Amino acid sequence: MGGLRLDVGLVDYLILAIYFATVLGVGFAARRAISSSADFFLSGRSMPAWVTGLAFISANLGALEIVGMAANGAQYGLMTLHYYWIGAVPAMVFLGIVMMPFYYGSKVRSVPEFLRLRFNRPTHLFNAVSFAVAQVLIAGVNLYALALILQALLGWQLWTSIVVGAVIVLSYIVLGGLSAAIYNEVLQFFVIIAGLLPITIIGLVKVGGVDGLFDKVRASALGDGGLHTWSTTGGTDNPLGASWIGIVFGLGFVLSFGYWTTNFAEVQRALSAKDMSAARRTPIIGAFPKLLIPAVTVIPGLIALVTVQGLGAEDGDYVYNNAIPLLMRDLLPNGVLGVAVTGLVASFMAGMAANVSGFNTVFTYDIWQTYVRKDRDDAYYVRVGRVATVAGIVVGIGTAFIAAGFDNIMNYIQALFSLFNAPLFATFIVGMFWKRMSAWAGFWSLFLGFLAAFALYILHLTEVIKFNSDLEQSFWGAGLAFVTAVVVALLITPFTPGKRDDELQGLVYGMGGMTGDVLAADRVWWRNPVLLGVIAVVLAFALYIPVW
Amino acid sequence: MERKLARLFDVRRVIGGLFVVYGVIVTVIGLLDGPSEMEKAQGVRINLWMGLGMLALGLLMLLWLRLNPPAEPDRKESDQEG
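Protein sequence lines correspond, in order, to chains A and B. Just so we're aligned, residue 1 is where the first sequence starts under the working numbering, counting upward by one. Just so we're aligned, residue 1001 is where the second sequence starts under the working numbering, counting upward by one.
Now the structure itself:
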């Protein structure tokens, strides 16, 4: 112990305390705006696009993401950029341009609700329950990660951190619902960036700029392979152990589209937008910061690799996951150190709040209101949502310790996503574009796709099938789940009754949806989702050129 | 009435307020930084620069709020003229 301990001063604690007070203040202020369940769970569908867009990216910018991506940067080098540029931006743009008209236009309140309308109740229940379970698990992982970091950095007891973190997130969501979560996410976005930026700046000064960094990486254990993204992917002889096929289809297509387009914790931010145009722009506005976030995650990972002696240990203080905390210890003086600690705490809260607000909405609307207590008054469901928030966090604390068994937390998250999201994406995409797909085909493709991914995961854990890395396994698991789900949909549909056309209005491509009214706001070029989306994708590919 | 209250509470005010406070605190620390802090930060006056940067971001948020206050929630059809 003590190796990671930061030299925090009074002023650093002051900065952290001001942040906690602000976040709680937002919860209290947002509470006054809640007069219905739509206000609590969907922010009354009133948010402007820049707010939902930043919340969208912030919901993904959890501590696990930051710490895990810096760890991946140190371990796999620039190939980690694939998680941003091919593994996120195209899917975010696809969500905004292609899928949002169905989500927002059909007035559903959640992703599972869309499945209920498009398919049937068993499909709905399976997805609602699996989503709720996954969100609680992931919230627990977030909580545990925060506690570990605070224990190492500040010397706080594990349980102190868990309780402080949980109580603050709990308070502002119970008080202010999704509005409080979204406002805090926007605030968190800026605090996270302000906290991480000094690490990159001072780190780059220390290693002699980008050129100095690349020279030192070339001389490190990672070697030249750590400085290329595509040119070494003809085979699997690269740091990631994955070929371009795995990267493009596994990560870039199935994993990424599965995560970004069907994960309600993300989609919920867009559903809270004030109109269709703002909803469509939400993920696309989020794509622009996403392009640049590697500057404060992957780059510090590489800096840590070349400046921190002994990084990459199997366990102890020098594991890859501590890349950012170690740099904070080495480089940041009091002041910016406090902002960085606050940024890390904020990022944990951002991730956890996204999971919790997704969970309480799905639990209340999709499980409680649909299957348990139907026709109560609106205020009743707001109360249910508040109780669900508390219960979800308490269960999350209990499951937090599952995370402890994995060497790289990010891989654990990837494994979970490959089980839940990949088959969901397949079911969605077939169901949205093929109106003939039957209700039961929806259920079986979702269920068997999940089973296929789960079986492969078990075979990997028991080492019956060997992969080059956990990450490679998650690519293949996602791919297998996707293919299984599509094949099952095609096989089952001919033998089961399809849905009537009038049941599919606004849910399937070519059946209502986009109207002239909806498109009116898009005429100004900088509000046009298609144009903005194309710019984001072009930028993503352009950024690859210098690190080919 | 509830909506009116919600309108007074704008996220730009929250971000602006927090960053002005952070900016002032960190700038002051930056002015007081001695040689040991400078050495740790590789000779960069990081507190001063980050402090001024955060202060500028906070003021910009407040300025934006001032120039473009939240639109009436009932007028759905856009804030085009802004």
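Glycine is no exception: its CB is placed at the ideal position from the N, C-alpha and C atoms. Fair warning: this is a prediction, and the values are worked out from it, not measured in the lab.
Could you name the residues of chain B that residue i contacts, counting a contact when the two beta carbons are closer than 7 Å?
| i | result |
| --- | --- |
| Tyr318 of chain A | Here the premise fails: no neighbours, minimum Cβ distance about 20 Å. |
| Val382 of chain A | The premise fails here: Val382 of chain A is roughly 13 Å from chain B at the closest Cβ pair, so nothing lies under 7 Å. |
| Tyr183 of chain A | Val1011 and Val1014 |
In three-state DSSP terms, what is residue i?
| i | result |
| --- | --- |
| Met583 of chain A | Outside the displayed range of chain A (1 to 548) lies residue 583 of chain A, so it cannot be described from this structure. |
| Met276 of chain A | helix |
| Met437 of chain A | coil |
| Met47 of chain A | strand |
| Arg32 of chain A | coil |
| Arg1066 of chain B | helix |
| Ala221 of chain A | coil |
| Tyr318 of chain A | coil |
| Leu158 of chain A | helix |
| Gly516 of chain A | In this prediction, Gly516 of chain A has a pLDDT of 48, which is less than 50 and means its spatial position is unreliable; nothing more can be read from the coordinates. |
| Glu1037 of chain B | helix |
| Gly242 of chain A | For clarity, residue 242 of chain A is Ala in the given sequence; the question names Gly instead. Correct three-state label for Ala242 of chain A: coil. |
| Ile15 of chain A | helix |
| Val534 of chain A | helix |
How would you list, in chain order, the residues of chain A whose beta-carbon sits under 8 Å from the beta-carbon of residue i?
| i | result |
| --- | --- |
| Leu1055 of chain B | Those within 8 Å of Leu1055 of chain B in chain A number zero; the least Cβ separation is about 11 Å. |
| Gly1030 of chain B | Gly335 |
| Val1044 of chain B | Ile201, Ile202 and Val205 |
Around the C-beta of residue i, are 16 or more other C-beta atoms found within 10 angstroms, so that it is buried, or is it exposed?
| i | result |
| --- | --- |
| Val210 of chain A | exposed |
| Thr493 of chain A | buried |
| Trp368 of chain A | buried |
| Pro497 of chain A | exposed |
| Gly516 of chain A | Its pLDDT being 48, under 50, Gly516 of chain A is placed unreliably in this model, and the coordinates cannot settle the point. |
| Leu1063 of chain B | exposed |
| Glu463 of chain A | exposed |
| Phe56 of chain A | buried |
| Gln135 of chain A | buried |
Among the options, which one has its Cα closest to the Cα of residue i?
| i | options | result |
| --- | --- | --- |
| Thr232 of chain A | A:Ser220, A:Ala221 and A:Ile245 | A:Ile245 |
| Asp378 of chain A | A:Leu117, A:Ser35 and A:Val141 | A:Ser35 |
| Ala166 of chain A | A:Ala478, A:Phe425, A:Thr200 and A:Ala400 | A:Ala400 |
| Tyr380 of chain A | A:Ile15, A:Ser37, A:Val8 and A:Leu4 | A:Ser37 |
| Gly351 of chain A | A:Leu64, A:Tyr19 and A:Phe28 | A:Leu64 |
| Met549 of chain A | A:Leu531, A:Leu24 and A:Arg280 | This structure gives no information on residue 549 of chain A, because the portion of chain A shown stretches from 1 to 548. |
| Ala139 of chain A | A:Ile162, A:Phe126, A:Trp156 and A:Pro122 | A:Ile162 |
| Thr361 of chain A | A:Phe264, A:Phe420 and A:Phe447 | A:Phe264 |
| Val483 of chain A | A:Met328, A:Leu539, A:Leu448 and A:Leu459 | A:Leu448 |
Taking Cβ-Cβ distances shorter than 7 Å, what residues in chain A pair up with residue i?
| i | result |
| --- | --- |
| Asn1068 of chain B | Correct list: empty, because the minimum Cβ distance to chain A is about 10 Å. |
| Val1021 of chain B | Ile18 |
Rounded to whole angstroms, what is the Cα-Cα separation between residue i and residue j?
| i | j | result |
| --- | --- | --- |
| Val341 of chain A | Leu490 of chain A | 51 Å |
| Ser438 of chain A | Met511 of chain A | 16 Å |
| Phe348 of chain A | Val51 of chain A | 19 Å |
| Pro21 of chain A | Tyr13 of chain A | Correcting the residue type first, residue 21 of chain A is Ala in the shown sequence and not Pro. Cα to Cα, Ala21 of chain A sits roughly 12 Å from Tyr13 of chain A. |
| Phe153 of chain A | Leu6 of chain A | The question names Phe, yet the displayed sequence has Leu at residue 153 of chain A. C-alpha separation (whole angstroms): 5 Å. |
| Gly250 of chain A | Phe475 of chain A | 4 Å |
| Trp159 of chain A | Arg269 of chain A | 31 Å |
| Ala49 of chain A | Pro1035 of chain B | 45 Å |
| Gly477 of chain A | Ile1029 of chain B | 51 Å |
| Pro90 of chain A | Lys274 of chain A | 24 Å |
| Val319 of chain A | Phe288 of chain A | 31 Å |
| Leu137 of chain A | Tyr84 of chain A | 24 Å |
| Val248 of chain A | Asn238 of chain A | 15 Å |
| Ala221 of chain A | Thr364 of chain A | 51 Å |
| Leu467 of chain A | Val254 of chain A | Rather than Leu, the amino acid found at residue 467 of chain A in this sequence is Phe. Straight-line Cα distance between these residues: approximately 18 Å. |
| Ala1041 of chain B | Tyr509 of chain A | 55 Å |
| Ile299 of chain A | Ile202 of chain A | 12 Å |
| Trp156 of chain A | Val164 of chain A | 10 Å |
| Phe420 of chain A | Asn1068 of chain B | 42 Å |
| Gly223 of chain A | Val217 of chain A | 6 Å |
Since residue i meets chain B, which of its residues come closer than 9 Å, beta carbon to beta carbon?
| i | result |
| --- | --- |
| Ala354 of chain A | Within chain B, no residue comes near Ala354 of chain A; the closest Cβ sits about 16 Å away, beyond 9 Å. |
| Val26 of chain A | Phe1009, Val1011 and Val1014 |
Which chain A residues sit within Cβ distance under 9 Å of residue i?
| i | result |
| --- | --- |
| Leu1018 of chain B | Ile18, Tyr19, Thr22, Leu187, Phe190 and Val191 |
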